[in-house]
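All the letters of the sequence shown, read from the start, carry residue numbers 1 to 154 under the UniProt record's numbering.
For each residue, glycine too, the CB sits at the ideal point set by N, CA and C.
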Amino acid sequence: ELADAGQTVEKSEKVNLNKLVETIGAITIPQNIELKHDPLVAVKADKEKLSQIFKNLFENAVIHGKPSQISVTSKLLDNEIALYIENDGLQIEAKTVEEAFESTFTTKEKESIHGLTIVKKLVDAHGWKIRLSDIKEKACFEILIPKEDVTEIF
């Protein structure tokens with residue numbers, strides 16, 4: 001699976017994140033978990049790789065977070081757009097935050113945090129940044145996308 005992640009973005013197209021989040025959410029998030037999102041941007045990206053990023057983050061939240069809600073929001077910063085993918089489920093312990101994107105990272109139960117290594121590689125391949133932060137009873141992934149990769153703001 002890591003071989004498929006790739007180190008570079010070979011094909012780039014305009015991707016409407018509203019549609020992508022709804023499509024991937026419908027496939028990966030059970031109906032008993034609510035998916036909410038703000039109006040999101042369209043970005044220049046590899047649609048397949050971006051789909052994999054959201055698929056892995058949503059699956060990770062469902063499997064390990066056991067949330068009642070997953071939300072995707074965005075914020076316009078000076079030189080980039082910040083995407084926040086968060087859930088109201090179980091948090092990841094602070095000491096594991098730095099290890100979360102390493103291929104060797106596992107929870108105490110020896111279950112791999114699903115696909116975070118792949119997510120990190122795919123985000124890096126786009127030239128973007130990702131980090132994990134625990135905020136007020138939520139597990140939150142933040143993806144920073146340079147403004148030049150934003151093609152439309154809704």
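In this structure, does DSSP put N87 in helix, strand or coil? Here N87 sits in strand by DSSP.
Do A61 and N32 have their C-beta atoms within less than 8 Å of each other? At least 8 Å separates the beta-carbon of A61 from that of N32.
Please confirm if the stretch 114 to 121 is in contact with the stretch 31 to 46, defined as three or more CB-CB distances below 8 Å between the two stretches. Output reads no: the stretch 31 to 46 does not touch the stretch 114 to 121.
Please state whether the Cβ-Cβ distance between F58 and L20 is less than 8 Å. L20 is positioned such that its CB atom lies no closer than 8 Å to that of F58.
G65 classed as buried or exposed, judged by whether at least 16 other C-beta atoms fall within 10 angstroms: In this structure G65 is buried. Its beta-carbon is surrounded by 16 or more other beta-carbon atoms within 10 angstroms.
Coarse secondary structure for T151, derived from DSSP in three states: It is a strand residue.
Nearest to K49 (by Cα), restricted to the options V72, E10, N18: Nearest of V72, E10, N18 to K49, Cα basis: E10.
Restricting to Cα atoms, I'd like to know which of G127, C140, V72 is closest to E22. If we check each option's Cα against that of E22, V72 comes out closest.
Enumerate in chain order the residues of its own chain whose CB-to-CB distance from I85 is below 6 Å, with the five nearest sequence positions on each side excluded. L57, V72, F141, listed in sequence order.
Please list, in chain order, all residues of the same chain as Q52 whose beta carbon is under 7 Å from its beta carbon, the five residues on each side excluded. Once the five neighbours on either side are set aside, the close Cβ partners of Q52 are I118, L122.
If you count every other CB in all the chains shown that lies within 10 Å of the CB of S74, and 16 or more means buried, which is it? Answer is buried; the Cβ neighbour count reaches 16.
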